[in-house]
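Student: In short: position in the sequence shown from 1, add 5, done, that's the numbering used here. Glycine included, each C-beta is placed from N, C-alpha and C at the ideal position.
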Amino acid sequence: GGSSSCANGDFYNSLLAMSVVLTEHKDGDGGFCVVRGSHKMNFPLPDALKHGQEGAEHLYQPVTQPGDVIFFSEATVHGCLAWNADHERRIALYRFAPACVAYGRTYSPQWPASMLEGLGPRERAVLEPPYA
C-alpha cells in the first residue's frame with residue numbers, strides 16, 4: 006500500500022510505518038524484511054519474488070536490538086521472514102497516514118465480541134480504529 010512521489014528533490018509518501026523492536030533480532034533470525042529501494046519502483050513486483058519462490062538475495066533483514074526503531078514507507082516492498090530464533094518475536098507496529106487515507110483490516114466490522122472478553126478499558130482503547 007501507499008504511494009510516493011518526488012518533486013524538486015523532495016520525497017513525498019502517503020503512508021509511513023514505524024516498527025519499535027521489543028526483542029533482539031540477530032542476523033538470520035528472520036522477522037521484518039524489505040527490498041531496499043523498492044519504494045521507488047515504477048513497475049509491478051514479479052510474482053516469483055512476491056511469493057518467495059526466488060529473489061532472496063534482494064531481501065534485507067535488519068539486525069536490531071530492543072528499543073531500535075525502523076521507519077519505512079508502506080510503498081516499500083516489505084514482509085516477514087520465517088522466525089528462527091529461540092525466543093518470541095515482539096514488535097510494536099505503528100502506521101501514520103493522512104486521515105483521508107487511514108485504513109485497517111479490522112475497522113469494519115469491529116472486533117468480534119469473543120476477542121474483547123476480559124479486556125479492560127485501556128486494552129479496548131488500543132483496538133479502536135483511528136479517528137479523524
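1) Looking at C-alpha atoms only, which residue of 122, 92 and 115 is the closest neighbour of residue 28?
2) Are the CB atoms of residue 77 and residue 39 nearer to each other than 8 Å?
3) Measuring CA to CA, which of 120, 88 and 101 is closest to residue 37?
4) Give the range of the alpha helix (DSSP H) segment to which residue 97 is assigned.
5) Excluding the 5 residues preceding and the 5 following residue 65 in the sequence, name in chain order all residues of the same chain whose CB lies nearer than 8 Å to its CB.
6) What do you reckon, are the CB atoms on residue 69 and residue 26 nearer than 8 Å?
7) Between 103, 84 and 31, which lies nearest to residue 90 when the distance is taken from Cα to Cα?
8) Please state whether DSSP places residue 119 in a helix, a strand or coil.
9) Rounded C-beta distance between residue 62 and residue 53? I'm assuming under 8 Å.
Tutor: Let me spell this out:
1) 92
2) yes
3) 88
4) That residue, residue 97, is in no alpha helix (DSSP H); its beta strand (DSSP E) goes 96-101.
5) 38, 39, 40 and 41
6) yes
7) 31
8) helix
9) Residue 62 to residue 53, Cβ: 13 Å. No contact.
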